[in-house]
Every structure is written in structure tokens, then in C-alpha cells.
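My numbering puts the first residue of the sequence shown at 341, with every later residue one more than the last.
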Amino acid sequence: MTRVCVLGSGSKGNAIYISNERVAVLVDAGLSGIEIERRLAARRINPETLDAIVVSHEHSDHIHGVGVLSRRLRLPVYITPQTMSAAGPFLGDLHEVHHFHPGQGFALDGLHVHPFSVSHDAVDPVGFTIQDRNVKIGIATDLGVATQLVCHHLRGCTLMILEANHDRKMLEDGPYPWELKQRIRSRHGHLSNEESRDLLREVLDGTLEHVVVAHVSEKNNLPERAVSVVREALSDHRACLRVALQDAAGEVISLP
């Protein structure tokens, strides 16, 4: 049984828990260490059962709790060399470091992790597919454009965690400075609701069972609006659609 729980998703912090019978990992730890432990406990998950942290890129909303959790729980951290170089001063000493490179998969006991390059304003950002036997999980939560490489890797997923960051009109009319709006809308920013819907349409097939809409902006989007737009891609499909929240852990999704 593979278990997945989005502990938090958004500009204030991102973390995803994934486990099977042999290993449990965090993909990113952008909340404080204490908050991540609290949210795990709220879902009856013992933080002491964690085995590793895998890092997607160096932005603080993805690495805030990495250092303290690595030290406190003696967890190895899997990270690209460039991301480690950029994040190192913030992370501090880590219990153990393992480097990986985009396009080169690695195994964490029964979980097979494949990082792939994404377009985002970080030094070496990656998305992930994580496979446990016939279960495939896709994670793409910080990308400004859905490249063919991204689409290739996200096909055949059982569960997909996919950003729908902003509503275009809300972003245009919202409080952000013009430069930040331009950054968000750029090829190195974040996907809009419509772009997320179109990506999902591109990769949708009969294997997909769950979609989690993630990284929904608190100022430039609404969860119900994001879900409504992304749902258009699933009009004739049986996949279950959920939205990940910033302030609370989602439910634990079990994939047999």
C-alpha cells in the first residue's frame, strides 16, 4: 500500500509525505520542523518513521524545515548539487547528503524516484515521479510552463499533484507589484488554473485515479475556482479531484 498526504501547499510552505510498507519520505519540507511534525501527528503519522527528505529546489517555501528535521530525526537529504550550493547557507549542517541529477533516477528502498527538469526561477528545479510497483505518483508544483518533457513524465500516473497557482484576472487586478506579476506569469513562474487544466488534458489517460490541485495562491486564486477550472479536464474521467490547502494537512490517500 502506498500512502500520500500533502501536509501543506502554497507560498507559506510545501511538504508531501509518501510511504509504503518499507520506507517513508518527505518531498520538500517548507514548513517549520515543528509544524511538519504537528501535521504528521494530526494524520496519525509518527515523524520518527521518516527515512529521508527529497528536495525539489532551494526556495524557502520548500526547504524551511529541511535542516532542522535532518538534524533532529537524523534524516538523509537528497538534493541536486546546484540546489545544495544555493540552499546550503540556509540549511546549515545536515545529517547526511546524497546528490542526484535531473534525469537520473534513484531508489529509496521500495520507492523509485525520477527527477525531471522544470522551468522555474531556481538554479536547478525539478519535478518528480515516484513509483512503487504499479503505483506512479507525479509531482509538478512549481513550473512556469508545461514542457513536453514534463508531459512525458506525467503520463501514466496513478496520482498527480499539480499546481494551479493563480487565476489570471485575480492576478492582474491583485495587490502584487507589476514585477512580481510578470514573474508569476512568465515561463519561470507558476501555472494558471487554465494552464493546469490544459496540462492535465495533455497527459490524462486511464491510469489516473487521483488529482490533487496544489500551490493555490491565497491572494490570486480561490480553491473553488481552481478546482472548477481544472475539473474541466476530467469531464469524462473517473479520477477523484482534491485541493491541497496551505494551513492544514490533507487527507491520507491510500493507493493499493
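Beta carbons: idealized from backbone N, C-alpha and C, even for Gly.
Owing to the predicted nature of the structure, the values given are computational and were not obtained by experimental measurement.
| Which residue from 472, 366, 395 puts its Cα closest to that of residue 385? | 366
| What residue does the alpha helix (DSSP H) around residue 524 start on, and which one ends it? | In the DSSP assignment, residue 524 falls within the unbroken alpha helix (DSSP H) covering 518-525.
| message | Tell me the residue span of the alpha helix (DSSP H) that contains residue 493. | response | 488-494
| Beta-carbon spacing of residue 581, residue 571 below 8 Å | yes
| task | Output the distance between the C-alpha atoms of residue 450 and residue 551, rounded to the nearest integer angstrom. | result | 23 Å
| Thinking C-beta only, is residue 531 closer than 8 Å to residue 554? | no
| query | Among all the DSSP beta bridges, which residues are the ones paired with residue 350? | reply | Answer is none; residue 350 lacks a bridge partner.
| said: For residue 539, which residues in the same chain have their Cβ closer than 6 Å to its Cβ, ignoring the five residues on either side in sequence? | reply: Contacts found: 486.
| Near residue 529, what residues of its chain come up, given a Cβ to Cβ distance below 6 Å and the 5 sequence neighbours on each side ignored? | 484, 523
| query | If we call anything under 8 Å between Cβ atoms a contact, is residue 413 one with residue 388? | reply | With contacts defined by Cβ atoms closer than 8 Å, residue 413 and residue 388 form a contacting pair.
| Through-space distance from residue 402 to residue 357, alpha-carbon basis | 13 Å
| task | Decide yes or no for the touch test of the stretch 432-452 against the stretch 403-422: beta carbon pairs closer than 8 Å, at least 3 of them. | result | yes
| query | If you check the beta carbons only, do residue 533 and residue 475 fall under 8 Å apart? | reply | no
| From 527, 543, 506, residue whose alpha carbon lies closest to that of residue 567 | 506
| query | Any idea which residues DSSP pairs residue 471 with across the strands? | reply | 452, 476
| Hey, how far is the Cα of residue 518 from the Cα of residue 447? | 43 Å
| field | Residues sharing a beta bridge with residue 436, DSSP | value | Its beta-bridge partners are 416.
| request: Mind reading off the beta-carbon distance from residue 579 to residue 349? Whole number of angstroms is fine, and I expect it under 8 Å. | output: Incorrect: roughly 18 Å between the Cβ atoms, too far for contact.
| request: Under the assumption that residue 383 contacts residue 345 (Cβ atoms under 8 Å), give the Cβ distance between them as a whole number of angstroms. | output: Yes, residue 383 and residue 345 are in contact; Cβ-Cβ is about 6 Å, under 8 Å.
| field | In chain order, each alpha helix (DSSP H) run of at least 4 residues that lies wholly inside the stretch 361-398 | value | 373-382
| request: Return helix, strand or coil for residue 459, following the three-state DSSP convention. | output: Under the three-state reduction of DSSP output, residue 459 falls in the coil class, being neither helix nor strand.
| said: Threshold first: 4 residues or longer. Then list the alpha helix (DSSP H) segments lying entirely within the stretch 559-585, N to C. | reply: 563-570
| To the nearest whole angstrom, what separates the beta carbons of residue 370 and residue 404, a pair I think is in contact under 8 Å? | 5 Å
| message | Whole angstroms are fine: how far does the CA of residue 479 sit from the CA of residue 467? | response | 6 Å
| query | Hey, out of 496, 490, 481, 435, whose CA is closest to residue 457's CA? | reply | 490
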